[in-house]
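Asks:
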Amino acid sequence: MQKTDLPFPIGRTELIVLMASLMSLNALAIDIMLPALGLISDDFALPGENDRQWVISSYIYGMAIGSILYGSLADRFGRKPVLLVTTAIYIIFGVICAIAPEYDLLLWARFVQGLAASALGVLVNSIIRDRFEGDAMARMMSTIMMVFMIVPITAPLIGQLVLLVAPWKAIFLVLSASGLVLFFWVIARLPETLRPEDKTPIEALAITSAWKQVIFHRNAFGHVLASGLMMAPLFAYIASAQQIFVDLFEAPELFVYIFALNAAAMSLGSFVNSRIVMRFGARRVSQAALIFFISVSAILWLTTAAGWANLVLFTLLLIPTMGMVGLTGANFSSIAMQPFGAVAGVASSFQNFARTGVSVTLGAAIGLQFDGSILPLSVGFLLCGIAALLVVLWAEKGRLFRRIHPAVTNATINAKQETG
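Written out as structure tokens, the structure reads:
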């Protein structure tokens, strides 16, 4: 349900577009780089074939580590001030990336840029949690994800267009310019969503207490881990996509379009979720999508192991797996956030840290196994899907496809936190 007791001048549509745009800065910073990875590798004369992947991985590692920093800051100072400071850092380090003379400096600048940008996911979750709860929150997040997915669809094409008229360094300036636009949009239009009475001081004891609430809440933490496991194949695919389509399948002219097609599948998954989650509930939708993901991943692995892999078959099987990632992501996050209204900022921060930490560690490990074939990627997809299902089974105590309404959830949490 929506919390209507708070004055909120920004309209729902503008809120969705703004939140999606803020989240998209991360996707833009990752996906726009894909067409340039080969050029970066050549310019810096990188010795290893997979070394180019660190342009992506260093940014995502920054996102993972930075996620744990911002929840307590947002709960102390409010969502808007933290959002403005971190967006400014994102802008500055985009420029540093553009002028970096050495590969190591580029990677460190990317890491810091990711460190700052990690606030965006934390703050968007907190802002939406300030305004919505239950399946309404899941629907809102899914709608935001649907709009957000426009960027992954178009980002590689944008990167390729930039390369037609400028060197690869200009791509980082595009990132900084995008951040600058959103910086001024936030200043002009976004109100503070945290109630003054809900602001909490930065106290180590309070922060660790909130972390403990997340860790020892079996259902919430289980869905955080499951979300990380579902995002790991996505990161592995992103990191190795340029090598798969350009080097393995020798289809550089199709790369950005196939990548856009798979991003569109994720967007479609988020769109479908936004239309059905209020009817069926976040648990039922995400669990059905997870089982379907495992099934398609098994087919991908079997066909690859049998030596039948080709560009068409790989693309046809990749599309539904990406669609299922779109169906699970917002739902797992909403389920995990539901119990933590009073400490939404710290909880969201820690959950993003755990989720991104799992996904980037596993995703980078899978991506770096690229050996000129898609077998390591197909194995990674299948194992991550199975692990996510096992974690969900643990979180739900073996009971799948339940429907839990917000009022019941909140009453249960208020009476006794689930730790069993």
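The end of the sequence shown is residue 423 by this note's numbering, with every number in the run present.
A virtual CB, placed ideally from N, CA and C, is assigned to each residue, including glycine.
Just so you know, these numbers come straight off a predicted model, no measurement behind them.
1. Are the Cβ atoms of Phe238 and Val363 separated by less than 8 Å?
2. Would you identify the three-state DSSP class for Phe373, choosing helix, strand or coil?
3. Can you grab the Cα-Cα spacing for the pair Val150 / Met22, in whole Å?
4. Do you know offhand how far Val394's Cα is from Gly225's?
5. Where does the unbroken alpha helix (DSSP H) through Glu258 begin, and where does it stop?
6. Taking the alpha helix (DSSP H) that Lys83 belongs to, which residues open and close that run?
7. Select from Ile241, Pro194 and Glu253 the residue whose C-alpha is nearest the C-alpha of Val58.
8. Within the chosen definition, does the region 111-127 reach the region 62-69 through at least 3 CB pairs nearer than 8 Å?
9. Counting Cβ pairs closer than 8 Å, one from the region 379-389 and one from the region 229-237, do we hit at least three?
10. Indicate whether Pro159 and Phe80 have their beta-carbon atoms separated by less than 8 Å.
11. For the region 121-138 against the region 191-206, are there 3 or more C-beta pairs whose distance is under 8 Å?
12. Can you say whether Thr16 is buried or exposed, counting buried as having 16 or more other CB atoms within 10 angstroms of its CB?
13. Which residue from Leu109, Met26 and Gly74 puts its Cα closest to that of Lys202?
14. If Phe1 sits next to Ala350, beta carbons under 8 Å apart, how far is it from one beta carbon to the other, in whole angstroms?
15. How should Asn222 be labelled, buried or exposed, when 16 other C-beta atoms within 10 angstroms of its C-beta is the threshold for buried?
16. Return the residue from the list Gly332, Val299, Tyr106 and Met36 that minimises the CA-CA distance to Leu49.
17. Are three or more beta carbon pairs between the region 29-43 and the region 332-341 nearer than 8 Å?
18. By the three-class DSSP mapping on this structure, what secondary structure does Phe47 have?
19. Mapping DSSP to helix, strand and coil, what is Phe2?
20. What alpha helix (DSSP H) runs, 4 residues minimum, are completely inside the region 123-156?
21. Do Ile102 and Leu183 have their C-beta atoms within less than 8 Å of each other?
22. Please go through the same chain and pick out, in chain order, the residues whose beta-carbon is closer than 8 Å to the beta-carbon of Arg406, but skip the five residues on each side of it.
23. Let me check understanding here. Comparing Cα to Cα, which of Ser212, Ile71, Ile210 and Phe258 lies closest to Leu126?
24. Is it the case that the Cβ atoms of Ile322 and Ala368 are separated by a distance below 8 Å?
25. In angstroms with no decimal places, state the Cα-to-Cα distance between Met144 and Leu18.
26. Applying the 10 Å Cβ sphere with the 16-neighbour rule, what's the burial state of Asn128?
27. Suppose you measure from the CA of Val20 to the CA of Ala308; what does that come to, to the nearest Å?
Replies: Put simply:
1. Yes. Within cutoff.
2. Correct three-state label for Phe373: coil.
3. Going from the Cα of Val150 to the Cα of Met22 covers about 9 Å.
4. Distance between the alpha carbons of Val394 and Gly225: 6 Å.
5. Here residue 258 is Phe; the residue named in the question, Glu, does not match the sequence. Run containing Phe258: Pro255 to Phe283, per the alpha helix (DSSP H) assignment.
6. Run containing Lys83: Arg82 to Ile102, per the alpha helix (DSSP H) assignment.
7. Scanning Ile241, Pro194 and Glu253 for the CA closest to the CA of Val58 turns up Ile241.
8. With a cut-off of 8 Å, the region 62-69 and the region 111-127 count as touching, because enough Cβ pairs lie within range.
9. Because the criterion of three Cβ pairs below 8 Å is met, the region 379-389 and the region 229-237 touch.
10. No, Cβ-Cβ distance for Pro159 and Phe80 is not below 8 Å.
11. In short, these stretches touch, since the Cβ pair count reaches three.
12. Classification of Thr16: exposed, given that the 10 Å Cβ count is below 16.
13. Distance from the Cα of Lys202 is smallest, within the candidate group Leu109, Met26 and Gly74, for Gly74.
14. Residue 1 is absent from the structure shown; the chain starts at 4 and stops at 423.
15. Around the CB of Asn222, 16 or more other CB atoms lie within 10 Å, so the residue is classed as buried.
16. That would be Tyr106, whose Cα lies nearest to the Cα of Leu49.
17. Of all C-beta pairs linking the region 29-43 to the region 332-341, fewer than three are shorter than 8 Å, placing the two stretches out of contact.
18. Coil.
19. The structure shown does not extend to residue 2, since the chain is modelled only from 4 through 423, so no value can be given for it.
20. You should have 137-151.
21. Cβ distance not < 8 Å, so Ile102 and Leu183 don't count as in contact.
22. Cβ neighbours of Arg406 beyond the five flanking positions: Phe283, Gly284, Arg286 and Arg287.
23. The residue with the shortest Cα to Cα distance from Leu126 is Ile71.
24. By the CB criterion at 8 Å, Ile322 and Ala368 fall outside the cutoff.
25. In this structure, the alpha-carbon of Met144 lies about 11 Å from that of Leu18.
26. In summary, Asn128 is buried, with 16 or more beta-carbon neighbours lying within 10 Å of its beta-carbon over all protein chains present.
27. C-alpha separation (whole angstroms): 42 Å.
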